[in-house]
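**Student:** The following block contains the structure, expressed as structure tokens.
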């Protein structure tokens, strides 16, 4: 199934992209997705990042992604 | 001796003056001065007022006034 | 406590305008060590008492004494908090409802000292400055404002 | 929690000007139930790191999500405190040192709710809004801003 990934700030810089469509096996959890992304880019490992699924912050890595979900990867917030 | 009295706000309204020179017996205390003023204008009794001598707030009624002192009578502060 | 700053005149005749506030904010752009400003604005409220509506407040003060007290409050605030600037302006004379009568402006590298200093300043001003406000109603009667 | 207010766009391209702040203040003059305004302004600091000086911050955000979060923060603040108005503006894109990137404006009948609401808003914004800042140094190198 397809996920719609959005990268921000330092993460966009490391991933050299700000938006990307990603094919994943259906039933993938947020935690599994994070592991896959870190395996694809080791630099991600050294930063603390948070995840929003369809614009809702997700704190539980066991949440399961669904087809066409928007998955946003955020480095630490820096507003103001 | 002479004191230089200043009235503000509601007190100026009650006393129908904002500045006045007052002859008093030397050695008069702030407390005695207050009593004299209240005797002269009973309406003063019903408001809480504070006193500054030479622009310093005075909380002790036993402070003694000196010749040419500026005595300011303040109703409750209302800045802002 | 070293007093190197001059006693300033806090008072302005009539309302404090938004243009004056804008000018004051813009004047801080060259100060690039500042990260946070906190501003308090007191605005004259159209309070209703027994169906009678306040239309303006006429402010008077013991100006010399108040300026000295504002100076002391400012010095104490600089000593207590890590600040870049403090500015205080208070109206004298007539200020209509909806207009601004008090402008307190604090700047710091960081937000927490600015916030704490602003609270301290506003409370000190309200309790210590010999300023008096005659609330004038639409029917030209009046009462004397009391802070709480 | 009833949500009757529309989601507004908090973001402005570039710095928030003192003229815009003045306009916003002046727009509150007809609201004569207001007695106190509290304003927070975030200003870009020329921080020095190893002799390299920040010259600007370039802000990016998940705009839709941030606007929704700002909306929720605003609603929660209205529920917690007795307020007349809340206005929030945040910059996107480049903001030079000395310029303003965040403008939070709270109005109430009384000063204490305005003060408490402003503190709550600023802390919520700093911790919950998906906004990112690239600190650009004078030599064109950069680092990513982190709130604390």
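Residue numbers (this note's numbering), protein chains in the order written: chain A, 875 to 954; chain B, 875 to 954; chain C, 41 to 188; chain D, 41 to 188. Even for Gly, the Cβ is constructed at its ideal location relative to N, Cα and C. Just so you know, these numbers come straight off a predicted model, no measurement behind them.
1) On the DSSP bridge assignment, give the partners of residue 895 of chain B in chain order.
2) Consult DSSP for residue 52 of chain C and reduce its assignment to one of helix, strand or coil.
3) State the start and end residues of the unbroken alpha helix (DSSP H) segment that holds residue 912 of chain B.
4) Compare the C-beta of residue 891 of chain A against all C-beta atoms of chain D and say whether one is closer than 9 Å.
5) Determine contact between the region 97-110 of chain D and the region 877-897 of chain A, defined as no fewer than three beta-carbon pairs at a distance below 8 Å.
6) Please state the DSSP three-state secondary structure of residue 107 of chain C.
7) Pull up the distance between the alpha-carbon of residue 64 of chain D and that of residue 70 of chain D, whole angstroms please.
8) Checking contacts by CB at 9 Å: is residue 104 of chain D closer than that to chain A?
9) Three or more C-beta pairs under 8 Å: does that hold for the region 167-180 of chain C against the region 933-952 of chain B?
10) Could you give the C-beta distance for residue 80 of chain C and residue 158 of chain C, rounded to a whole number, given that I count them as a contact under 8 Å?
11) With a threshold of 8 Å on Cβ separation, who are the neighbours of residue 149 of chain D within its own chain once the five nearest residues in sequence on each side are excluded?
12) Take the Cβ of residue 139 of chain D as the centre, count every other Cβ of all protein chains shown within 10 Å, and call the residue buried at 16 or more, exposed below.
13) Could you check the C-alpha separation between residue 925 of chain A and residue 903 of chain A for me, to the nearest Å?
14) Should residue 916 of chain B go down as buried or exposed, given a rule of 16 or more other Cβ atoms within 10 Å for buried?
15) Nearest CA to the CA of residue 126 of chain D: which residue from D/133, D/116, D/55, D/135?
16) What is the C-beta distance between residue 128 of chain C and residue 50 of chain C, in whole angstroms, given that I count them as a contact (C-beta under 8 Å)?
17) With a Cβ-Cβ cutoff of 9 Å, do residue 62 of chain D and residue 78 of chain C count as a contact?
18) Check distances from the C-beta atoms of the region 134-148 of chain D to those of chain C and list, in chain order, the residues that come in under 7 Å.
19) In the DSSP assignment, the beta strand (DSSP E) including residue 946 of chain B goes from what residue to what residue?
20) In three-state terms, what does DSSP make of residue 145 of chain D?
21) Apart from the five residues on each side of it in sequence, which residues of its chain come closer than 7 Å, Cβ to Cβ, to residue 41 of chain D?
22) Restricting to Cα atoms, I'd like to know which of A/953, A/934, A/907 is closest to residue 878 of chain A.
23) How long is the line joining the alpha carbons of residue 179 of chain C and residue 92 of chain C, rounded to whole angstroms?
24) Kindly indicate which residue of A/934, A/927, A/932 has the alpha-carbon position closest to the one of residue 940 of chain A.
25) So who's on the other strand from residue 927 of chain B, going by DSSP bridges?
26) If you draw a straight line from the C-alpha of residue 105 of chain D to the C-alpha of residue 187 of chain D, how long is it?
27) Could you give the first and the last residue of the continuous beta strand (DSSP E) run that contains residue 174 of chain C?
28) Any beta-carbon of chain E closer than 9 Å to the one on residue 94 of chain C?
29) Using a Cβ cut-off of 9 Å (strictly closer), state whether residue 911 of chain A contacts chain D.
30) Please report how far the alpha carbon of residue 145 of chain D lies from the alpha carbon of residue 95 of chain D, in whole angstroms.
31) Would you mind stating whether residue 901 of chain B and residue 141 of chain C have Cβ atoms separated by less than 9 Å?
32) Using the C-alpha atoms, what's the distance from residue 163 of chain D back to residue 53 of chain C?
33) Looking only at DSSP bridge pairs, what is residue 80 of chain C linked to?
34) Use the C-beta contact count for residue 154 of chain D: other C-beta atoms within 10 angstroms, 16 or more gives buried, fewer gives exposed.
35) In terms of alpha-carbon separation, which member of A/934, A/918, A/929, A/923 lies closest to residue 942 of chain A?
**Tutor:** Straight from the coordinates:
1) For this step, residue 895 of chain B is matched to residue 21 along the second chain. Beta-bridge pairing links residue 895 of chain B to B/878.
2) Along the third chain, read from residue 1 onward, the residue named residue 52 of chain C stands at position 12. DSSP places residue 52 of chain C in strand when its eight states are reduced to three.
3) Within the second chain, the letter at position 38 stands for residue 912 of chain B. Segment 904-914, the alpha helix (DSSP H) holding residue 912 of chain B.
4) Residue 891 of chain A sits at position 17 when you count from the first residue of the first chain. Chain D, which has no Cβ nearer than 9 Å to the Cβ of residue 891 of chain A, makes this no.
5) yes
6) For the purposes of this step, residue 107 of chain C is taken as residue 67 along the third chain, with counting starting at 1. In the structure shown, residue 107 of chain C sits in a helix (DSSP, three-state: H, G or I).
7) Along the fourth chain, one-based indexing puts residue 64 of chain D at 24. Along the fourth chain, one-based indexing puts residue 70 of chain D at 30. The straight-line gap from Cα to Cα measures roughly 12 Å.
8) As a first step, residue 104 of chain D must be located in the fourth chain, where it is residue number 64. Residue 104 of chain D counts as touching chain A.
9) yes
10) The residue you call residue 80 of chain C lines up with position 40 of the third chain. The residue you call residue 158 of chain C lines up with position 118 of the third chain. The Cβ separation is near 6 Å, so the contact holds.
11) Taking the first residue of the fourth chain as position 1, residue 149 of chain D is located at position 109. Closer than 8 Å at the Cβ level, and outside the excluded window around residue 149 of chain D, lie 73, 74, 75, 76, 122, 124.
12) Counted from its first residue, the fourth chain places residue 139 of chain D at position 99. Classification of residue 139 of chain D: buried, given that the 10 Å Cβ count is 16 or more.
13) For the purposes of this step, residue 925 of chain A is taken as residue 51 along the first chain, with counting starting at 1. For the purposes of this step, residue 903 of chain A is taken as residue 29 along the first chain, with counting starting at 1. Cα to Cα, the separation comes out at about 12 Å.
14) Taking the second chain and counting its residues from 1, one reaches residue 916 of chain B at position 42. Residue 916 of chain B should be labelled exposed.
15) For the purposes of this step, residue 126 of chain D is taken as the residue at position 86 of the fourth chain. The shortest C-alpha separation from residue 126 of chain D is found at D/116.
16) In the third chain, counting from the first residue as 1, residue 128 of chain C sits at position 88. In the third chain, counting from the first residue as 1, residue 50 of chain C sits at position 10. Right, the Cβ-Cβ distance comes to about 5 Å (below 8 Å), so this counts as a contact.
17) Mapped onto the fourth chain, residue 62 of chain D falls at position 22. Mapped onto the third chain, residue 78 of chain C falls at position 38. Against a cut-off of 9 Å, the Cβ pair of residue 78 of chain C and residue 62 of chain D comes out as no contact.
18) 137, 138, 139
19) Within the second chain, the letter at position 72 stands for residue 946 of chain B. It spans 944-948 - the beta strand (DSSP E) in which residue 946 of chain B sits, taken as one unbroken run.
20) Along the fourth chain, read from residue 1 onward, the residue named residue 145 of chain D stands at position 105. Strand.
21) Taking the fourth chain and counting its residues from 1, one reaches residue 41 of chain D at position 1. With a pLDDT of 48 at residue 41 of chain D, under the threshold of 50, the modelled position of that residue is not reliable, and the figure given next carries that caveat. Hits under 7 Å: 115, 119.
22) Translated into positions along the first chain, residue 878 of chain A becomes position 4. Closest by alpha carbon: A/907.
23) If you number the third chain from 1, residue 179 of chain C lands on position 139. If you number the third chain from 1, residue 92 of chain C lands on position 52. Computed Cα separation, rounded: 7 Å.
24) Start at 1 with the first residue of the first chain, and residue 940 of chain A comes out as number 66. The shortest C-alpha separation from residue 940 of chain A is found at A/927.
25) Here the question's residue 927 of chain B lines up with position 53 in the second chain. Residue 927 of chain B pairs with B/930, B/945.
26) Reading the fourth chain from its first residue, position 65 is the one you call residue 105 of chain D. Reading the fourth chain from its first residue, position 147 is the one you call residue 187 of chain D. Cα to Cα, the separation comes out at about 19 Å.
27) Counting from one through the third chain, the residue named residue 174 of chain C turns up at place 134. Run containing residue 174 of chain C: 171-177, per the beta strand (DSSP E) assignment.
28) No chain E appears in the structure shown, which is made up of the protein chains A, B, C and D.
29) Against the first chain, residue 911 of chain A aligns to sequence position 37. By this cut-off, residue 911 of chain A is not an interface position.
30) Locating residue 145 of chain D in the fourth chain gives position 105, counting from the first residue. Locating residue 95 of chain D in the fourth chain gives position 55, counting from the first residue. Rounded to the nearest angstrom, the two C-alpha atoms are 26 Å apart.
31) To locate residue 901 of chain B, count along the second chain from 1; it is residue 27. To locate residue 141 of chain C, count along the third chain from 1; it is residue 101. No.
32) Against the third chain, residue 53 of chain C aligns to sequence position 13. Against the fourth chain, residue 163 of chain D aligns to sequence position 123. About 37 Å.
33) As a first step, residue 80 of chain C is located in the third chain; it is residue number 40 there, counting from the start. According to DSSP, which records beta bridges pairwise, residue 80 of chain C is partnered with C/144, D/78.
34) Counting from one through the fourth chain, the residue named residue 154 of chain D turns up at place 114. The residue is buried, with at least 16 neighbouring Cβ atoms inside 10 Å.
35) The residue labelled residue 942 of chain A in the question sits at position 68 within the first chain. It is A/929 whose Cα lies nearest to the Cα of residue 942 of chain A.
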